[in-house]
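Asker: Could you have a look at this structure, given as structure tokens, before my questions?
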């Protein structure tokens with residue numbers, strides 16, 4: 026499940042990969058604040074990379090909805 030070409034998971038980035046045990050533990054109890062802060066920073070970095078690779082004028086230039094399997098606004 027997900028969008029084509031987009032991976033959303035704390036273990037997608039090979040430089041900051043989390044072990045299955047860490048992911049399971051975080052599902053039961055939130056990580057420590059410094060770990061959550063790092064995930065927040067990594068999210069901004071990932072978003073910046075995605076935005077640089079997908080300029081808005083190229084993403085919407087053909088006028089088709091950006092969501093293929095749901096309702097587009």
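Numbering (the working numbering), first residue to last: 26 to 98.
Even for Gly, the Cβ is constructed at its ideal location relative to N, Cα and C.
Small disclaimer: the values here were computed from a predicted structure and weren't measured.
Which of helix, strand or coil does DSSP assign to residue 26?
Answerer: In the chain shown, counting from the first residue as 1, residue 26 sits at position 1. Residue confidence is low: residue 26 scores 43 on pLDDT, short of 50, so the model does not pin down where it sits. No coordinate-derived value is stated.
Asker: Is DSSP giving residue 16 helix, strand or coil here?
Answerer: Residue 16 is absent from the model: the chain starts at 26 and stops at 98.
Asker: Verify whether the separation of the beta carbon atoms of residue 61 and residue 55 is less than 8 Å.
Answerer: Within the chain shown, numbered from 1, the residue matching residue 61 stands at position 36. Within the chain shown, numbered from 1, the residue matching residue 55 stands at position 30. In contact: residue 61 and residue 55 (Cβ atoms closer than 8 Å).
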